[in-house]
Amino acid sequence: MARGSVSDEEMMELREAFAKVDTDGNGYISCNELNDLFKAACLPLPGYRVREITENLMATGDLDQDGKISFDEFIKIFHGLKSTEVAKTFRKAINKKEGICAIGGTSEQSSIGTQHSYSEEEKYAFVNWINKALEHDPDCRHVIPMNPNTDDLFNAVGDGIVLCKMINLSVPDTIDERTINKKKLTPFTIQENLNLALNSASAIGCHVVNIGAEDLKEGKPYLVLGLLWQVIKIGLFADIELSRNEALIALLREGESLEDLMKLSPEDLLLRWANYHLENAGCNKISNFSTDIKDSKAYYHLLEQVAPKGDEEGVPAVVIDMSGLREKDDIQRAECMLQQAERLGCRQFVTATDVVRGNPKLNLAFIANLFNRYPALHKPENQDIDWGALEGETREERTFRNWMNSLGVNPRVNHLYSDLSDALVIFQLYEKIKVPVDWNRVNKPPYPKLGGNMKKLENCNYAVELGKNQAKFSLVGIGGQDLNEGNRTLTLALIWQLMRRYTLNILEEIGGGQKVNDDIIVNWVNETLKEAEKSSSISSFKVNALVSHWRHQSSVLIFIVFFTCGRDLRGQAYGAPPPILILFKCPIIVLMFISHFTDKFLVLVIL
1 MARGSVSDEE MMELREAFAK VDTDGNGYIS CNELNDLFKA ACLPLPGYRV REITENLMAT
61 GDLDQDGKIS FDEFIKIFHG LKSTEVAKTF RKAINKKEGI CAIGGTSEQS SIGTQHSYSE
121 EEKYAFVNWI NKALEHDPDC RHVIPMNPNT DDLFNAVGDG IVLCKMINLS VPDTIDERTI
181 NKKKLTPFTI QENLNLALNS ASAIGCHVVN IGAEDLKEGK PYLVLGLLWQ VIKIGLFADI
241 ELSRNEALIA LLREGESLED LMKLSPEDLL LRWANYHLEN AGCNKISNFS TDIKDSKAYY
301 HLLEQVAPKG DEEGVPAVVI DMSGLREKDD IQRAECMLQQ AERLGCRQFV TATDVVRGNP
361 KLNLAFIANL FNRYPALHKP ENQDIDWGAL EGETREERTF RNWMNSLGVN PRVNHLYSDL
421 SDALVIFQLY EKIKVPVDWN RVNKPPYPKL GGNMKKLENC NYAVELGKNQ AKFSLVGIGG
481 QDLNEGNRTL TLALIWQLMR RYTLNILEEI GGGQKVNDDI IVNWVNETLK EAEKSSSISS
541 FKVNALVSHW RHQSSVLIFI VFFTCGRDLR GQAYGAPPPI LILFKCPIIV LMFISHFTDK
601 FLVLVIL
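Numbering-wise, full-length UniProt numbering puts 571 at position 571 of the sequence shown, and it's gapless, one number per residue.
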């Protein structure tokens, strides 16, 4: 990896640039996507020069010769070219796309020759979504409604209240409302709110590395929009999951198993849902939410299929006017389509221009919102389906998954076990805990249909080898096949040790390199209690040893809790957590939900 030679601020810019170039969102850049970028940027270069640059980038950038360029390969390309004329041209190309606003660098290092950029379309869409979501919230009257045509949004997030509210809308009860400072705000209480928002965003799986409370207070556009999109997307995708929406089983295709459907990402399920209705309408299927929907025709037929037919009590019929299909102008046709979407209460996220330009992010949000309002699916009956297999993830599994996502792993982990079956995410976690990975030994997607699983198994075998030989984990009886097949107990055994090592590494960094273990932390807690003239002490991190202390102490304690134990805390949650709730307002890393205090599982708090 060449990431060490790139500053944090440059890395943020590179991630933004890569996302803009990766128009189909698959995590890789192809030759065609590079060509499209240069064309869209209207660069003053002859065709042969564009082809020459593209071929050179592919030749020097495609390090593993798989025909695609990953983000890490992209870093090496950009870092190697950034002082050349090609890099200057490429940077201009990235920021010249329509709807992208460029702003000067925000540090001495970045202000010379670099720019941050953000999308006006995204700002406009997010402002309208937030205005609608919080229009009746009395705590937000001081900033809602915001004007989408100004910078109101970047000022509104400065006190943390809007962010906290949006996080709770996406994942209800993530933040206890009692912990949000709402009146007579001071710089200190604002800082608490922003810490609360960042910790809570991380707890639900947002990648918040390199985002600080000061960045939000200053309203840095590219960071604010990036965080808001993660929060909004998590909320939009919450019910696009089989364990929470059994009607999705209607999307099973002939020859598929329930397990096959459960492995699909929310994006893939949305695409299949759209094609399910388009097929019923006798229309052509689509393969993406960008180029294939630009003419609005697929949207028209989708709206007609999902609109209420009047066959449900209390739900009046909505007849979609299809006459707009005859409009010859794409923009006008898209506007007519959105007018029909408005009749369903679903005119959100996109404008007619966004549809015609094929903005993939905003069109994905539009489709997800339409699905949430009008799925128009029915749970199949009289089918041989193992309904027990639809059991949702446990709190423990959700916490591990959100922890991985908060570290920015790629691809995002939607299903803990199936998404680790090729070990690519595990390798990234090894790097996070400073275990070196030989990427030349790693097989990368796309995997061949014939022998593809063998490639994944080779990765899993290497992941176990690293755990035993390099990380020195206890992996007795665990093999690569267990990870590949998604053995819950054995996979969790590895993930738990990864999370534990990550935690201890952070504590060692804070302690100037001093080794840390459970005994050292227990001694530190007891010494802290003694210095505060408290009579109690703890002997371990088991819940039995801690719960009574939480119930009777008013001081704020910071623990690292690694294990579940056999005591149920149900019914004790609101007797214990006030000190714990305050942790979310401190500048520390907290990976847990308030709901964890109503179950057997306590997770992780890091000083």
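Built from N, CA and C at the ideal position, the CB exists for glycine as well. It should be emphasised that the depicted structure is a prediction, and the values quoted were computed from it without experimental measurement.
I367 places its beta carbon less than 8 angstroms from that of L270. For V315, the three-state secondary structure derived from DSSP is strand. Between S406 and Y299, the alpha-carbon positions lie close to 33 angstroms from each other.
M337 sits away from S290, with the two beta carbons spaced by 8 angstroms or more.
By the beta-carbon neighbour count (other beta carbons within 10 angstroms, threshold 16), T186 is exposed.
The shortest C-alpha to C-alpha distance from D292 to any of P308, A274, A281, K309 is the one to A274. As the crow flies, the alpha-carbon of I433 is around 23 angstroms from that of W524. In this structure, the beta-carbon distance from L429 to V409 falls below 8 angstroms. Per DSSP, the beta-bridge partners of C101 are Y118. Here DSSP, grouped into helix, strand and coil, assigns R253 to coil. Sixteen is the threshold: since fewer than 16 other Cβ atoms of the shown chains lie within 10 Å of the Cβ of P172, the residue is exposed. A residue is called buried when at least 16 other Cβ atoms come within 10 angstroms of its Cβ; M454 does not meet this threshold and is exposed. Listed in chain order, the alpha helix (DSSP H) elements of length 4 or more contained wholly in the UniProt domain "Calponin-homology (CH)" (120-236) are 120-134, 152-156, 161-170, 187-203, 213-217. For I293, the secondary structure class from DSSP, reduced to helix, strand or coil, is helix. For V464, the enclosing alpha helix (DSSP H) has its first and last residue at 452-469.
The shortest C-alpha to C-alpha distance from P375 to any of E313, E246, L134 is the one to E246. The continuous alpha helix (DSSP H) containing P266 extends over residues 266-280. Distance from the CA of V437 to the CA of V464, rounded to the nearest whole angstrom, comes to 12 angstroms.
DSSP places D438 outside both helix and strand once states are collapsed to three, so it counts as coil. Counting along the chain, no alpha helix (DSSP H) covers N487, and no H or E run does either. Each residue's CA atom was taken as its position, placing N461 and G479 some 7 angstroms apart. Between N149 and N155, the alpha-carbon positions lie close to 13 angstroms from each other. When the five nearest sequence neighbours on each side are left out, the beta carbons in the same chain lying within less than 6 angstroms of the beta carbon of Y276 are those of L251, in order along the chain. Apart from sequence neighbours up to five positions away, the residues of its chain that approach C140 with a beta-carbon distance below 8 angstroms are L134, I161, V162, K165, ordered along the chain.
Collapsing the DSSP output to three states places G477 in coil. The alpha-carbon of L225 is positioned some 9 angstroms away from that of S119. If you ignore the 5 residues before and after N505, its C-beta comes within less than 8 angstroms of the C-beta of I433, K434, all in its own chain and listed in chain order. The Cβ atoms of Q348 and W129 lie closer than 8 angstroms to each other. Residue V319 holds the alpha-carbon nearest to the alpha-carbon of A307 among V319, D72, N487. Below 8 angstroms, too few C-beta pairs join the segment 308-328 and the segment 388-403 to call them touching: fewer than three. Assigned with DSSP and collapsed to three states, D330 falls in helix.
Taken in chain order, the unbroken stretches of alpha helix (DSSP H) that lie wholly in the segment 349-373 and span 4 residues or more are 352-357, 360-373. Across the structure, K361 and C346 are spaced so that their CA atoms are roughly 16 angstroms apart. Non-local C-beta neighbours of D354 in its own chain, meaning closer than 6 angstroms and more than five positions away in sequence, comprise E121, L362, ordered along the chain.
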